[in-house]
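Peer 1: Got a structure here, written out as structure tokens. Questions coming.
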Amino acid sequence: MTKNIAIIGASGYTGAELIRLIATHPDLEIAALAANSKAGQEMAQVFPHLRHLELPRLVTWEEIDFSGIDLCFCALPHKTSQEVISQLPGHLKIVDLSADFRLRDPAEYKRWYGNDHAAPELQKEAVYGLTEFYRREIAKARIVAGTGCNAATGQYVLRPLISASVIGLDDIILDLQCGVSGAGRSLKENLLHAELSESTNAYGVGGTHRHLGEFDQEFSQLAGREVRIQFTPHLAPMNRGILATAYLSGDPAAIHDALATAYADEPFLEVLPMGETPSTHHVRGSNFCHIGVVADRIPGRAIVVAALDNLTKGSSGQALQNANLMLDLPESTGLMLAPCFP
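Residues in the sequence shown are numbered consecutively from 72, following my numbering.
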């Protein structure tokens with residue numbers, strides 16, 4: 072039976088990516104699209120690459136009749152998402168792509184995002200949306216909080232290694248390159264072509280990047296002790312993609328084996344043969360994440376490199392993967408499309 076879907080925040084990059092993925096999903100029908108700033112427009116006006124699809128006209132989210140909607144994706148900025156979701160019907164299944172329900176402790180949300188939590192009661196029922204590690208909880212959840220794209224990439228590298236106790240926990244360094252679409256579609260001076268092209272820069276340096284809140288929460292819970300990693304993201308002059316490089320202490324062969332074992336049955340996590348490393352080109356436009364392990368020249372040290380598409384596996388693809396579980400559909404439905412290369 073076809074499930075009816077609504078997308079709030081359809082005029083952003085993650086909203087467009089959701090539409091692209093759902094367009095070929097055999098069991099989902101887009102019944103409503105909301106984008107308050109562009110209400111009244113056709114999607115073809117906002118995203119001409121979707122012109123071939125028959126899609127509902129954009130409306131404000133308040134205009135949507137949710138009585139016939141099975142699941143709603145909310146692709147709004149943080150703070151706005153809490154305010155909107157708190158007004159949606161209580162029966163509605165929701166996948167939130169913002170940061171608003173990722174951190175379980177409202178005090179931690181205020182610390183990292185600077186606002187009081189607007190929906191603390193809803194926070195209690197929200198499940199963290201890293202599918203491969205929370206799929207049982209996600210399948211039963213009403214609200215699922217999508218992860219940060221940087222946070223997802225780092226966790227795919229580090230969670231199996233922390234669980235298997237094959238790396239030192241006090242000297243983890245994560246260096247990450249992220250494409251410009253990770254900053255959203257809003258106009259920003261530093262994202263102008265003349266400012267960004269032929270350049271790259273670090274940001275959130277010294278422990279200020281908000282996705283550290285997710286790393287702190289998830290790694291410390293996993294290890295049963297406080298884990299604080301060094302993390303520096305860099306804005307790269309590419310449209311989409313994340314390449315994360317982790318510098319770790321531990322036996323490289325044991326690290327590779329732990330990752331290969333953890334992801335042996337995962338449809339979207341590919342661990343490369345020992346010594347190979349991935350490229351963002353190899354996963355572009357797909358829901359796959361490729362991970363490679365290389366032994367460092369220093370004994371007892373390893374380098375792990377992961378690549379995923381920030382808009383797909385890092386956000387909208389992950390959201391659809393979670394929605395499939397919530398709607399009791401096969402998890403990989405609509406998501407096995409091959410990467411676009413070159």
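Beta carbons are placed, not taken as given, at the ideal position from N, Cα and C, and that holds for glycine.
Which residue's Cα is closest to the Cα of Y199: Y274, I214, A189 and G185?
Peer 2: It is I214.
Peer 1: By alpha-carbon positions, which one of R281, K109, G321 and D328 ends up nearest to G185?
Peer 2: For G185, the nearest C-alpha among the options comes from R281.
Peer 1: In three-state DSSP terms, what is Q112?
Peer 2: Q112 falls in the coil class under three-state DSSP.
Peer 1: Give every residue of the same chain whose Cβ lies closer than 8 Å to the Cβ of E337, excluding the five residues on either side of it in the sequence, and list them in chain order.
Peer 2: Within the same chain, E337 has close Cβ partners E203.
Peer 1: Could you name the residues that DSSP lists as bridge partners for L99?
Peer 2: Note: L99 sits in a beta bridge opposite K74.
Peer 1: Are the beta-carbon atoms belonging to G321 and V237 less than 8 Å from one another?
Peer 2: Cβ distance < 8 Å, so G321 and V237 count as in contact.
Peer 1: When we look at the beta-carbon of D65 and count the other beta-carbons within 10 Å, is it buried (16 or more) or exposed?
Peer 2: As shown, the chain starts at 72 and ends at 413. That puts residue 65 outside it, with no answer to give.
Peer 1: If you draw a straight line from the alpha carbon of H305 to that of R311, how long is it in whole angstroms?
Peer 2: Approximately 13 Å between the Cα atoms of the pair.
Peer 1: By the DSSP assignment, the alpha helix (DSSP H) with F290 in it spans what residues?
Peer 2: Segment L283 to A294, the alpha helix (DSSP H) holding F290.
Peer 1: Can you give the Cα-Cα distance for D141 and L406, rounded to whole angstroms?
Peer 2: Spanning the two alpha carbons is a distance of roughly 19 Å.
Peer 1: Just the Cα atoms here: how many angstroms apart are N395 and P401?
Peer 2: Computed Cα separation, rounded: 6 Å.
Peer 1: Does K195 pass the burial test, meaning 16 or more other C-beta atoms within 10 Å, or should it be called exposed?
Peer 2: The residue in question, K195, is exposed, as its Cβ has fewer than 16 Cβ neighbours within 10 Å.
Peer 1: In chain order, what residues of the same chain have a beta carbon less than 6 Å from the beta carbon of A212, not counting five sequence neighbours either side?
Peer 2: These residues qualify, in order along the chain: V198.
Peer 1: Could you please give the first and the last residue of the uninterrupted beta strand (DSSP E) stretch that includes E341?
Peer 2: Note, E341: beta strand (DSSP E), L340 to V342.
Peer 1: Can you tell me the Cβ-Cβ gap for L240 and V298, rounded? I've got them flagged as a contact below 8 Å.
Peer 2: Sure, about 5 Å apart at Cβ, within 8 Å.
Peer 1: Could you name each continuous alpha helix (DSSP H) segment of 4 residues or more that falls completely within the stretch 174-199, going from the start of the chain to the end?
Peer 2: Runs of the alpha helix (DSSP H) inside the stretch 174-199: 177-184 and 191-194.
Peer 1: With DSSP as the reference, label V130 as helix, strand or coil.
Peer 2: Reduced to three states, the DSSP call for V130 is strand.
Peer 1: Going by beta-carbon coordinates alone, are I313 and G217 separated by less than 8 Å?
Peer 2: Not a contact, by the Cβ cut-off of 8 Å.
Peer 1: Could you give the distance in angstroms between the alpha-carbon of F137 and the alpha-carbon of P97?
Peer 2: Their backbone Cα atoms lie some 21 Å apart in a straight line.
Peer 1: Just to confirm the assignment: which complete beta strand (DSSP E) runs, minimum length 3, are found wholly within the stretch 305-393?
Peer 2: DSSP runs (the beta strand (DSSP E)) wholly in the stretch 305-393: 313-320, 340-342, 360-366 and 372-379.
Peer 1: How far does the alpha helix (DSSP H) with V155 in it reach, from first residue to last?
Peer 2: That run of the alpha helix (DSSP H) goes T151 to I156.
Peer 1: With burial defined as no fewer than 16 other Cβ atoms inside 10 Å of the residue's Cβ, what is the status of N393: buried or exposed?
Peer 2: Buried.
Peer 1: On the criterion of 16 or more Cβ atoms from any shown chain inside 10 Å, does S252 qualify as buried, or is it exposed?
Peer 2: The residue is buried, with at least 16 neighbouring Cβ atoms inside 10 Å.
Peer 1: Taking C249 as the reference, which of G139, L229 and A222 has the closest Cα?
Peer 2: Comparing Cα-Cα distances from C249 to each of G139, L229 and A222, the minimum goes to A222.
Peer 1: Can you name, in chain order, every residue of its own chain whose Cβ lies under 8 Å from the Cβ of I326, other than the five neighbours on each side?
Peer 2: Only L232, V237, I238, L319, V364, A373 and V375 meet the Cβ criterion.
Peer 1: Where does A170 sit, in a helix, a strand or coil, going by DSSP?
Peer 2: In the structure shown, A170 sits in coil (DSSP, three-state: anything other than H, G, I, E or B).
Peer 1: Thinking just about the alpha-carbon of each residue, which of A103, S350 and A409 is nearest to the one in I127?
Peer 2: In the sequence as presented, Ile is not what sits at residue 127; that position holds Pro. Nearest of A103, S350 and A409 to P127, Cα basis: A103.
Peer 1: Could you tell me the alpha carbon to alpha carbon distance between A335 and V130, rounded to whole angstroms?
Peer 2: Distance between the alpha carbons of A335 and V130 is about 43 Å.
Peer 1: Does the Cβ of F290 have 16 or more other Cβ atoms within 10 Å, making it buried, or fewer, making it exposed?
Peer 2: So F290 ends up on the buried side.
Peer 1: Taking F144 as part of the beta strand (DSSP E), name the residues at either end of that continuous run.
Peer 2: Its beta strand (DSSP E) spans residues L142 to C145.
Peer 1: Using only the alpha-carbon positions, how far apart do G80 and G86 sit?
Peer 2: Their backbone Cα atoms lie some 6 Å apart in a straight line.
Peer 1: Using beta-carbon positions only, say whether E179 and G284 come within less than 8 Å of one another.
Peer 2: In contact: E179 and G284 (Cβ atoms closer than 8 Å).
Peer 1: For T271, which residues in the same chain have their Cβ closer than 8 Å to its Cβ, ignoring the five residues on either side in sequence?
Peer 2: Excluding residues within five positions, the ones whose Cβ falls inside 8 Å are Q248, H305, L306, A307 and P308.
Peer 1: Taking the C-alpha atoms as reference points, what is the distance between D242 and R182?
Peer 2: So the two alpha carbons sit approximately 24 Å from each other.
Peer 1: Would you list the one or two residues that DSSP bridges to V215?
Peer 2: In the DSSP output, where bridge partners are listed per residue, V215 has V166 and V198.
Peer 1: List the endpoints of the continuous alpha helix (DSSP H) containing C411.
Peer 2: Per DSSP, C411 belongs to no alpha helix (DSSP H) and is neither H nor E.
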